[in-house]
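In this note's numbering, the protein residues as written are 25 to 268. Where a beta carbon is used, it is the ideal one built from N, C-alpha and C, also for glycine. Shown next, in structure tokens, is the structure this report addresses.
Shown next, in the form of structure tokens:
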């Protein structure tokens, strides 16, 4: 029976993706800060679901991850869904630093722990939910954009490291556009907003196919292709005021 660990499974994309892997009969380890959603996932299949509370910004998070993996009996796939983001045109430093801690420090803490586990256990598949925001800096969400760019680059570096060391570790970088999750401010308008269930379905398919990189969905893939072609002077004059 295949085994997956999902960190950030208490809401949004992580929660919906966990439900789908449970429905497919996998053994699923779920982790996050809030225990109630984890207990609800456990109740869906008590014989196949293990759970662990953890905070990716805490030093003990890798140890808690290790405990979850042990109870699950190992893992073939690690999926990192934990992340936060804010529309912060006022540049409130508290919001910017909080984003850096979760999307930067917390991301590195957990992804290196998962990579290290796979390195020590003969390989595996490591996947992360980043964002199309990593492809260009969004003026309304500086720290969010910057940390997502860092995540994209970090996964690229780990993919190269895996080849350098001839490790059997596959990397997947999943880059959604606007998804209807609690991360978004409901007072704002989001173009091409996608239902979280549909996004979770696409993520499951991408992971089963072991894709290296995927933008969700096709409309966003086209959008990213063209906005990357924009010259810097034109991009800086665009009014992009929402968080991806």
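- The beta carbons of residue 151 and residue 102 sit closer together than 8 angstroms.
- The continuous alpha helix (DSSP H) containing residue 64 extends over residues 59-68.
- Taking a cut-off of 8 angstroms on C-beta distances, the segment 121-128 touches the segment 150-168, as three or more cross pairs fall below it.
- The C-beta distance from residue 75 to residue 135 rounds to 20 angstroms, too long to fall under 8 angstroms, and the pair is not in contact.
- The straight-line gap separating the alpha-carbon atoms of residue 28 and residue 124 is approximately 26 angstroms.
- Per the coordinates, the alpha-carbon of residue 251 lies some 32 angstroms from the alpha-carbon of residue 139.
- Rounded to the nearest whole angstrom, the C-alpha separation of residue 182 and residue 148 is 13 angstroms.
- With fewer than three CB-CB distances shorter than 8 angstroms, the segment 86-95 does not count as touching the segment 61-69.
- Per DSSP, the beta-bridge partners of residue 55 are 31, 76.
- Contact between residue 234 and residue 194 holds, with the beta-carbon distance rounding to 5 angstroms and staying under 8 angstroms.
- Here the C-alpha atom of residue 158 lies approximately 11 angstroms from the C-alpha atom of residue 239.
- When DSSP states are grouped into helix, strand and coil, residue 221 belongs to the helix group.
- The beta-bridge partner set that DSSP reports for residue 103 consists of 30, 151.
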